[in-house]
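What follows is a short report on a single structure.
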Amino acid sequence: MSLIKDSTVALITGTSSNLGFNIAVRLLEQLPSSRDITLIVTSRTLPKVKESINDIKQYIHEKIPEKKNKVEFDYILVDFTDMVSILSAYYELDQKYTHIDYLFVNAAQGVYGGIDWKAACVEVLQNPIDAVTSPTYKLQRIGVESNDNMGLVFQANVFGPYYFIHKIKHLLAKDHGKIIWISSLMSHPKYLSFNDLQLLRSPESYEGSKRLVDLLHYGTYKNLKKFGIDQYLVHPGIFTSFSFYQFLNVFTYYGMLMLFYLARFLGSPYHNISGYIAANAPVSAALGKSKQAIKTGSACTRFGKEYLSYEEVDTTGSEDVASYFNKLVKEWDEKLKDQIVNTRQP
Ligand SMILES: NC(=O)c1ccc[n+]([C@@H]2O[C@H](COP(=O)([O-])OP(=O)(O)OC[C@H]3O[C@@H](n4cnc5c(N)ncnc54)[C@H](OP(=O)(O)O)[C@@H]3O)[C@@H](O)[C@H]2O)c1
1304 MSLIKDSTVA LITGTSSNLG FNIAVRLLEQ LPSSRDITLI VTSRTLPKVK ESINDIKQYI
1364 HEKIPEKKNK VEFDYILVDF TDMVSILSAY YELDQKYTHI DYLFVNAAQG VYGGIDWKAA
1424 CVEVLQNPID AVTSPTYKLQ RIGVESNDNM GLVFQANVFG PYYFIHKIKH LLAKDHGKII
1484 WISSLMSHPK YLSFNDLQLL RSPESYEGSK RLVDLLHYGT YKNLKKFGID QYLVHPGIFT
1544 SFSFYQFLNV FTYYGMLMLF YLARFLGSPY HNISGYIAAN APVSAALGKS KQAIKTGSAC
1604 TRFGKEYLSY EEVDTTGSED VASYFNKLVK EWDEKLKDQI VNTRQP
């Protein structure tokens, strides 16, 4: 494919998600009109790549037609629970690109087993705002390992993306690139035990992975700066996600949505509901409107007017987490060193 020369290159992991799509369109809206942009869409599957590209093209056509001839699309297929897949994604990017300007680490998964409906009803009746802010009734399976023998959620949400960054660091460093990690409101220190960094014994592995994201950011951003890369930590608040639809029917979906609006009306600043508002903090960070030492959140007023919130994070253990990850990176460099060979060389 013909890539636009000297374009701004942005890669969004999990572009097929509500947040991924909205990061893409907000970024396209806000980057200067004079810039050509190459948007690298990622997914685990080709149909979702095609769907994402079509959705973004449709948005450009309807809302930002002036950008139509400024944007070129590319894609990579990558599964962060598979180290060989990450390595081939890196290899492909390394062959095609000399620089990557923005990397949004947005893809994430949990290992959900369903909803504890009884607990959900009790929580909703006792405290409806809490029930839709920090729900504890989503059931997560414990001890799920990836085929690479790591904690699956640990690898999907944190180590896999971290290894990817390690491999493409030179591309990010080339033109002072930016990395934006998507964390969550649900990343309280209580979700992570330092005796279980791969979250294999945790009943809250998703939340634990977000705590790891926070600590990894604080343990690495200063060092990345020395390479010429700026890394940011953001959270998108709460918004409608495609991932939980499978557990909801039409009544529970609209019930949840109603509670979201109620929580917002009663003063919760984080019930953004819309993916577009949720993408405010990630895109603002990318465009230099937030500080690296603070977690920036997407928030809105009770009438849905967006703004940014800034939060201090307890960084206890960030150096230990960074050392653990760096040690694991070295182990995987060693394991993968003969994985891709250039068969075209004589
Ligand atoms: N929804 C919320 O209220 C909320 C709140 C706080 C934080 N967040 C964070 O916001 C981000 C987006 O959330 P969302 O709810 O919009 O996402 P989502 O609907 O759950 O979609 C997840 C995305 O991640 C990708 N993905 C999942 N597992 C992957 C893997 N193993 N390898 C590569 N890609 C993988 C999926 O890509 P494919 O299926 O196309 O492969 C999909 O695009 C996540 O980081 C989430 O933790 C969400």
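Numbering (this note's numbering), first residue to last: 1304 to 1649. Cβ coordinates follow ideal geometry from the N, Cα and C atoms, glycine included. From a predicted model like this one, the values you see are computed outputs, not experimental measurements.
**Request:** Compute the Euclidean distance between the alpha carbons of Ile1363 and Lys1353, then round it to the nearest angstrom.
**Result:** Straight-line Cα distance between these residues: approximately 15 Å.
**Item:** Spatial distance of Leu1639 from Thr1345 (CA atoms)
**Value:** Spanning the two alpha carbons is a distance of roughly 22 Å.
**Prompt:** Can you pull the DSSP bridge partners for Phe1407?
**Reply:** Partner(s): Ile1315, Ile1483.
**Message:** Residues in the same chain with beta-carbon distance under 6 Å from Glu1510, minus the five sequence neighbours each way, listed in chain order, please.
**Reply:** Closer than 6 Å at the Cβ level, and outside the excluded window around Glu1510, lie Met1489, Tyr1494.
**Prompt:** Among the residues of its own chain, which have a CB less than 8 Å from the CB of Asn1321, if the five just before and after it don't count?
**Reply:** Only Phe1542, Thr1543, Ser1544, Phe1545, Gly1578, Ala1581 meet the Cβ criterion.
**Prompt:** Ser1391: which of Trp1635, Leu1380, Tyr1400 sits nearest, CA to CA?
**Reply:** That would be Leu1380, whose Cα lies nearest to the Cα of Ser1391.
**Message:** Just checking Ala1566 against ligand 1 - is the residue's beta carbon closer than 6 Å to any of the ligand's heavy atoms?
**Reply:** No, the Cβ of Ala1566 stays beyond 6 Å of every heavy atom of ligand 1.
**Message:** Please classify Pro1585 as buried or exposed, where buried requires at least 16 other C-beta atoms within 10 Å of its C-beta.
**Reply:** Label assigned to Pro1585: buried.
**Request:** Quick one: give me the first and last residue of the alpha helix (DSSP H) that Lys1373 is part of.
**Result:** It is not in any alpha helix (DSSP H) - Lys1373 carries neither H nor E in the DSSP assignment.
**Message:** One question on the structure: do Gln1429 and Pro1506 come within less than 7 Å of each other, judged by their Cβ atoms?
**Reply:** For Gln1429 and Pro1506, no; Cβs fall outside 7 Å.
**Asked** Just checking my contact of Thr1384 with Gly1463 at CB under 8 Å: how many whole Å lie between their CB atoms?
**Response** Confirmed, Cβ separation roughly 6 Å.
**Request:** Could you check the C-alpha separation between Asp1636 and His1469 for me, to the nearest Å?
**Result:** Distance between the alpha carbons of Asp1636 and His1469: 10 Å.
**Message:** Quick check: is any heavy atom of ligand 1 less than 6 Å from the C-beta of Gln1595?
**Reply:** False, no ligand heavy atom lies under 6 Å from that Cβ.
**Message:** On the criterion of 16 or more Cβ atoms from any shown chain inside 10 Å, does Asp1309 qualify as buried, or is it exposed?
**Reply:** It counts as exposed.
**Request:** From the DSSP output, in three-state form, read off Ser1305 for me.
**Result:** Below a pLDDT of 50, predicted positions are generally treated as unreliable, and Ser1305, at 43, falls in that range; the measurement from the model is reported next regardless. The answer is coil: DSSP assigns Ser1305 none of H, G, I, E or B.
**Message:** Threshold first: 3 residues or longer. Then list the beta strand (DSSP E) segments lying entirely within the stretch 1530-1606, N to C.
**Reply:** Runs of the beta strand (DSSP E) spanning 3 or more residues and lying entirely within the stretch 1530-1606 occur at 1533-1538, 1574-1576, 1598-1603, in chain order.
**Item:** Ala1313 and Tyr1378 closer than 7 Å at C-beta
**Value:** Their beta carbons are not under 7 Å apart, which means Ala1313 does not touch Tyr1378 by this criterion.
**heavy atom of ligand 1 below 6 Å from Pro1539 C-beta** = Under cutoff, so the answer is yes.
**Asked** Between the stretch 1551-1567 and the stretch 1585-1594, do three or more beta carbon pairs fall short of 8 Å?
**Response** These segments do not touch.
**Item:** Given 8 Å, three or more beta-carbon pairs between the stretch 1399-1414 and the stretch 1470-1488
**Value:** With three or more CB-CB distances shorter than 8 Å, the stretch 1399-1414 counts as touching the stretch 1470-1488.
**Request:** Can you check the stretch 1410-1484 for any alpha helix (DSSP H) of at least 4 residues that lies completely inside it and give the ranges in chain order?
**Result:** For the stretch 1410-1484, the continuous alpha helix (DSSP H) assignments of 4+ residues that do not extend past its boundaries occur at 1420-1429, 1431-1434, 1463-1477, in sequence order.
**Message:** Between the alpha carbons of Gln1501 and Val1447, how many angstroms are there, rounded?
**Reply:** About 10 Å.
**Asked** Thinking C-beta only, is Tyr1440 closer than 7 Å to Ala1459?
**Response** Cβ distance not < 7 Å, so Ala1459 and Tyr1440 don't count as in contact.
**Delimiting residues of the alpha helix (DSSP H) encompassing Ile1326** = For Ile1326, the enclosing alpha helix (DSSP H) starts and ends at 1321-1333.
**Prompt:** Out of His1538, His1574, Ala1602, Tyr1627, which has the shortest C-alpha to C-alpha gap to Phe1457?
**Reply:** Looking at His1538, His1574, Ala1602, Tyr1627, the one whose alpha-carbon comes closest to that of Phe1457 is Tyr1627.
**Request:** Could you check which residue in Asn1526, Gly1570, Ile1343 has the C-alpha nearest to that of Ala1476?
**Result:** Answer by Cα proximity: Asn1526.
**Exposed unless 16 or more other CB atoms sit within 10 angstroms - verdict on Gly1600** = So Gly1600 ends up on the buried side.
**Message:** By DSSP's criteria, Ser1612 is part of a beta bridge. Which residues make up the other side?
**Reply:** In DSSP, Ser1612 forms a bridge with Gly1600.
**Message:** Which residue marks the beginning of the alpha helix (DSSP H) containing Val1352, and which one marks its end?
**Reply:** 1349-1366 is the extent of the alpha helix (DSSP H) around Val1352.
**ligand 1 heavy atom lying under 6 Å from the CB of Arg1444** = Result no, Cβ not under 6 Å from ligand 1.
**Asked** What are the boundary residues of the beta strand (DSSP E) that Val1344 is part of?
**Response** Per DSSP, Val1344 belongs to the beta strand (DSSP E) from 1340-1346.
**Request:** Out of Gly1454, Val1414, Ala1434, Lys1528, state which residue places its alpha-carbon closest to the alpha-carbon of Ser1650.
**Result:** Outside the shown range of the chain (1304 to 1649) lies residue 1650, about which nothing can therefore be said.
**Request:** Out of Lys1529, Arg1338, Leu1503, Ser1487, point me to the one whose CA is closest to Val1408's CA.
**Result:** In terms of CA proximity to Val1408, Ser1487 leads the group Lys1529, Arg1338, Leu1503, Ser1487.
**Message:** Once DSSP output is grouped into helix, strand and coil, what is the label at Leu1518?
**Reply:** The answer is helix: DSSP assigns Leu1518 an H, G or I state.
**Asked** Comparing the CB of Gln1501 with every heavy atom of ligand 1, is any distance shorter than 6 Å?
**Response** Answer for Gln1501: no, Cβ out of range of ligand 1.
**For Leu1396, the three-state DSSP class (helix, strand or coil)** = Looking at Leu1396 - three-state DSSP - the assignment turns out to be helix.
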